[in-house]
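Colleague:
Numbering (full-length UniProt numbering), first residue to last: 1 to 262.
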């Protein structure tokens, strides 16, 4: 593991912004530039083969090389342990901090209350907002004090903080997928990780689950969560969610039936 350090800027907010990266050269510049009000930008890089590290360093980030090992919580916890400020903002490379959110963050850090702050995340795909269904805006805990805070869970990891939660008005803009190919590649990887996690915990799955759980997932996202309100794009994402759910349970079924093989 090696690390690159940059000088402290006393004029910036005493805040550490932590970003996990792997081949994020298309995202990292805009991501870091949205967070330059923070004194420390800490990039935890997992074996990038593009210009991610070079771009991050050019913008003044501190870069630490560390293998992810398919454990996002451990990676984030390592970042928390190595951050130099008491206040942490956890930012993904495909996210951007809006000006309104930056203003909210500055106030919270300066007031310095024992609170864990939630942020609403607005998802964009192919230059459009997705406001309902699978990618409807979600609330994520991102601004918190270092002491007593940690993550758990392999993917869809969850933050544990000893402090009460409060929601900020400002939003994060999230660009989770640039293309359908990227989306489907990511859901394939996630479904494998989740199936393996369920299998390791002793969860079993009958053939009926492969048939009916995907159907329920589609109905829930398309009708209950209003995916139909996003038109064709909403329908497409709900269909993709149907197949993601099917993959997840099909892989779990295979792990159970064929003794650990997917």
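Glycine included, each C-beta is placed from N, C-alpha and C at the ideal position.
By alpha-carbon positions, which one of 231, 215 and 193 ends up nearest to residue 255?
Modeller: Comparing Cα positions, the closest option is 193.
Colleague: Taking residue 215 as part of the alpha helix (DSSP H), name the residues at either end of that continuous run.
Modeller: Counting along the chain, the alpha helix (DSSP H) containing residue 215 begins and ends at 207-219.
Colleague: For the candidate residues 253, 115 and 187, whose alpha-carbon lies nearest to that of residue 149?
Modeller: Out of 253, 115 and 187, 115 has the C-alpha closest to the C-alpha of residue 149.
Colleague: With respect to 7 Å, is the separation between the Cβ of residue 103 and the closest non-hydrogen atom of the ligand SAM below this value?
Modeller: Because no ligand of any kind appears in the structure shown, any question about the ligand SAM cannot be addressed here.
Colleague: For the 8 Å Cβ check, are there 3 or more pairs between the segment 125-135 and the segment 233-245?
Modeller: Yes, they touch.
Colleague: Apart from the five residues just before and just after residue 75, which ones in its own chain have a Cβ nearer than 6 Å to its Cβ?
Modeller: Cβ within range, chain order: 20, 44 and 68.
Colleague: At 4 residues or longer, and completely inside the segment 96-172: list those alpha helix (DSSP H) runs for me, N to C.
Modeller: Whole alpha helix (DSSP H) segments, 4+ residues: 99-111.
Colleague: Please tell me whether residue 119 and residue 142 are closer than 8 Å, where the distance is taken between their beta carbons.
Modeller: A contact, by the Cβ cut-off of 8 Å.
Colleague: Starting from residue 65, follow the beta strand (DSSP E) in both directions and report where the run begins and ends.
Modeller: Run containing residue 65: 62-65, per the beta strand (DSSP E) assignment.
Colleague: Return the first residue and the last residue of the beta strand (DSSP E) that residue 252 is part of.
Modeller: Taken as a continuous stretch (DSSP letters only), residue 252 belongs to no beta strand (DSSP E), being part of the alpha helix (DSSP H) at 231-257.
Colleague: Could you tell me whether the segment 91-105 touches the segment 33-41, where touching means 3 or more Cβ pairs closer than 8 Å?
Modeller: The segment 91-105 is in contact with the segment 33-41.
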